[in-house]
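Here is the structure we will look at, set down as structure tokens.
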Amino acid sequence: EQPQRVAGATMRVFRRLRPALLLLLLCALLRCAHTFYLPGLAPVSFCDKDSSGKESDSTIELFVNRLDSVESVLPYEYTAFDFCSVASEKRPSENLGQVLFGERIEPSPYKFDFKNNEECKFVCTKKYDTSKTDEKANLDFLKKGMLLNYQHHWIVDNMPVTWCYDVEDGQKFCNPGFPIGCYVTETGRPKDACVVNSDFNDKDTFYIFNHVDITIFYHMVEHEAAGARLVAAKMEPKSFKNQDCTGGPMALNNKFAGEVVIDYTYSVHFEEDKKIRWASRWDYILESMPHTNIQWFSIMNSLVIVLFLSGMVAMIMLRTLHKDIARYNQMDSVEDAQEEFGWKLVHGDVFRPPRKGMLLSVFLGSGTQIFIMTFVTLFFACLGFLSPANRGALMTCSVVLWVLLGTPAGYVAARFYKSFGGEKWKTNVLLTAFLCPGVVFADFFVMNLILWAEGSSAAMPFGTLVAILALWFCISVPLTFVGAYFGFKKSAIEHPVRTNQIPRQIPEQSFYTKPFPGIVMGGILPFGCIFIQLFFILNSIWSHQMYYMFGFLFLVFIILVITCSEATILLCYFHLCAEDYHWQWRSFLTSGFTAVYFLVYAHHPVLWLHHDYGTHLLPLHRNNWLLCLLLVCFEDLQCGEGSAQKKPEIRLFVWKRSVLISTCAAGMKSASE
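Numbering (mature numbering (1 follows the signal peptide of the UniProt record, and there is no 0)) for the sequence shown: -35 to -1, 1 to 638.
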């Protein structure tokens, strides 16, 4: 009995201490999570060459990425410009997102020993004889890169090597790239980076930046034997005529004929920075971006205006429908209701299957797939999983989600098609799985051929195309069939009123109630809530900068969804009041027309393209944004059509006990749609 008493006492003590133990365990877990880096990239430690070991390394490798320009739509690999390179070393592996974004990371001959300062270190020499065709072509391509202001993108410890310089109001801008060189025009006007040096003053002359001063900042890790961690890498491009970094700038006259010799050198210095921690080392880059210092008030003001307008739309709808329902409550018979006009007269036709119901259901399925993909991607980006430190994660996440979301696409398409009375389920499933993705892939393949013919690094390798096709056919298509199976297995959506056998004649419509004007007007308000954020996104894309304001973007996305839904409901109500019951395609296209405004707005950066090297690639640029138009349109129209479909069901369910109220609610349902 004594052991049993001891065991019982022990259990009672444990029960009393259990909350404290759980709290202690939670604190321990929080302490562990305190050192967890959200994107999932482990830090790399460095130490002196004499003390390097298993936990740290003494050699710092510099990697080079593609070169791009704001004046051209074509990026190029580093080796395309005949710079110093190392062909013997293997390229680092890249994920699917990096390849789709056109990143081409490769090793470089620039390698440093930690804390070993070097001055004017020689890298290589490049010679060009203008009398030889191949060498002249390489030199001309180099001049083209300087004329179009192509930018290097170097990487140290997964961080961009930045060029920091002063801008307006004494602020410092850190550019994650630096130019090949610059050009002084025939009139003596310095372009781009030529304004930083007064020695760049010869007319019709190129100046190449063949020397870089690199400064690497590190932070010593306290209470650890791991050594130091790199927190920043900055550089300053320079131009020297001689190999010993003396003399004037390295000038290339545009009309010079003969031999050109270019010596590439670098200097590297190490400095300790006790203020910047490894986890916050990206802050100085992101905070110096031009779009982060301005227009916070403008963005918030835009969001408040959109919320206010959305509230007005909802209030108008609720007030109008409330008056209609109150009026019906005062009627004595259904005959009195039939004497009314407007949307009350089309209750027997509002659920009539739309024309081309097969195509509409397919578009709704694809829109659902894109909508969920966008929502989840932005949500993960807000949590920090898709930060700039995790290269290619944004695109990889989007592609994987799209592949895995074939089931909702097939389910939604099947449900709507069955509610439309369709019987060709095989055709519906095949179109859902292949129509929209097939159009996107076909256009993508044509653009890839153009990029391949131009020798651009943005051209996808053959293996990547095969991988995309494998993801599509082996994962997305089967999941679409699974979703369609469950969609067709469920019973069709039951409508609260019976559809008349004979379609009602639609009266002559005024100009503003016709389909096209209503669709055009319907996309204005949703576009108004996104155009400021769209400006920042387009700026980041065309300037090849990093976009990271995913919190604002997610908020704007939610407001866009709400605005699309309410604008569609409002316009459908007005059209039903005009006794036009063809609301399905109209509600689908009303919010989808926002993508057309998006397409027009996205074309304004084309004016920046160089007239000799950019405009002939305008079809490539247009195809890129047409693909965006397609994706945005499917997403927006799914919001509009979904809200139009759901609203009536709720209204009619509430009032289904009364025939009179059922009739009113049916019209109201179509009105809401």
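Idealized CB from N, CA, C, for every residue including glycine. In this text the structure is predicted, and so the values were computed from the model without any measurement.
Secondary structure at residue i, three-state DSSP: helix, strand or coil?
i	result
Asn393	helix
Lys206	coil
Gln474	coil
Tyr115	coil
Met323	helix
residue 647	The question about residue 647 has no answer here: the residues shown for the chain are numbered -35 through 638.
Lys240	coil
Asp178	strand
Asp13	coil
Arg69	coil
Ala279	helix
Ile120	strand
Ala198	strand
Tyr41	strand
Leu61	helix
Phe344	helix
Tyr546	coil
Pro74	strand
Pro155	strand
Ala193	strand
Val51	coil
Phe492	helix
Phe316	coil
Val365	helix
Ala423	coil
Gln334	helix
Glu388	coil
Lys634	With a pLDDT of only 33 at Lys634, under the threshold of 50, the placement of this residue in the model should not be trusted, and no figure is reported.
Ala102	helix
Would you list the residues sitting across from residue i in a DSSP beta bridge?
i	result
Gly146	Ile173
Lys91	Ile227
Lys86	Tyr231
His33	Note that residue 33 is Asp in the sequence shown here, rather than His. DSSP, once it has assigned bridges, lists Gln116 as partnering Asp33.
Given a threshold of 16 other Cβ atoms within 10 Å of its Cβ, counted over all protein chains shown, does residue i qualify as buried or as exposed?
i	result
Ser34	buried
Cys439	exposed
Ser96	exposed
Pro426	exposed
Asn258	Confidence at Asn258 is low in this model, with a pLDDT of 46, below 50, so the placement of that residue is unreliable and no value is reported for it.
Gln466	exposed
Tyr512	buried
Val126	buried
Gly557	buried
Arg380	buried
Gly448	buried
What is the residue span of the alpha helix (DSSP H) that residue i lies within?
i	result
Ser552	Gln549 to Gly557
Thr533	Phe515 to Cys542
Phe501	Phe496 to Trp507
Asp164	Segment: none, Asp164 is in no alpha helix (DSSP H) and carries neither H nor E.
Ala216	That residue, Ala216, is in no alpha helix (DSSP H); its beta strand (DSSP E) goes Ala216 to Asn218.
Thr445	Val442 to Lys454
Asn128	Rather than Asn, the amino acid found at residue 128 in this sequence is Trp. Unbroken run through Trp128 is the beta strand (DSSP E), Thr127 to Asp131; no alpha helix (DSSP H).
Lys383	Gly371 to Ser384
Pro480	Pro480 to Gly487
Glu252	Asp248 to Glu252
Ser467	It is worth fixing the name first, because residue 467 is Ile in this sequence and not Ser. Looking at the DSSP string, Ile467 is not in any alpha helix (DSSP H), and its letter there is neither H nor E.
Ala435	Phe427 to Leu436
For the beta strand (DSSP E) containing residue i, name the first residue and the last one.
i	result
residue 654	Nothing in the structure corresponds to residue 654, since the chain is present only between -35 and 638.
Thr24	Thr24 to Val29
Phe138	Lys137 to Asn140
Quick check: is any heavy atom of the ligand ADP less than 7 Å from the C-beta of residue i?
i	result
Glu388	With respect to small molecules bound, the structure shown includes none, and the ligand ADP cannot be examined in it.
Evaluate contact between the segment 135 to 144 and the segment 195 to 214, counting only Cβ atoms and requiring at least three cross-stretch pairs below 8 Å.
-> Contact between the segment 135 to 144 and the segment 195 to 214 is established, with three or more Cβ pairs separated by less than 8 Å.
Taking 8 Å as the threshold, find out whether the segment 224 to 235 comes into contact with the segment 82 to 93 through three or more Cβ pairs.
-> The segment 224 to 235 vs the segment 82 to 93: in contact.
Any contact of the segment 60 to 72 with the segment 147 to 158, i.e. 3+ C-beta pairs under 8 Å?
-> Between the segment 60 to 72 and the segment 147 to 158, the count of Cβ pairs shorter than 8 Å is below three; the stretches do not touch.
Are at least three pairs of beta-carbons, each pair with one atom in the segment 447 to 459 and one in the segment 385 to 394, less than 8 Å apart?
-> Flag = yes, the segment 447 to 459 and the segment 385 to 394 touch.
Counting pairs of Cβ atoms below 8 Å between the segment 412 to 427 and the segment 362 to 373, do you hit three or more?
-> Segments in contact, no.
Determine, using beta-carbon pairs with one atom in the segment 544 to 557 and one in the segment 464 to 482, whether at least three such pairs fall under 8 Å.
-> Taking a cut-off of 8 Å on C-beta distances, the segment 544 to 557 touches the segment 464 to 482, as three or more cross pairs fall below it.
Validate contact between the segment 500 to 520 and the segment 342 to 355 using beta carbons, cut 8 Å, 3 pairs = Output reads yes: the segment 342 to 355 touches the segment 500 to 520.
Taking contact to mean at least 3 C-beta pairs separated by less than 8 Å, is the segment 239 to 252 in contact with the segment 103 to 120?
-> Verdict: no, contact absent.
Any chance the segment 456 to 463 sits against the segment 530 to 540, with 3 or more Cβ pairs inside 8 Å?
-> Between the segment 456 to 463 and the segment 530 to 540, the count of Cβ pairs shorter than 8 Å is below three; the stretches do not touch.
Count the CB pairs spanning the segment 153 to 161 and the segment 178 to 189 that are closer than 8 Å, and state whether there are at least three.
-> The answer is no - the segment 178 to 189 does not touch the segment 153 to 161, with fewer than three Cβ pairs under 8 Å.
Inter-stretch contact at 8 Å, needing at least 3 Cβ pairs: the segment 483 to 502 / the segment 328 to 347 | Contact between the segment 483 to 502 and the segment 328 to 347 is absent: fewer than three C-beta pairs spanning the two stretches fall below 8 Å.
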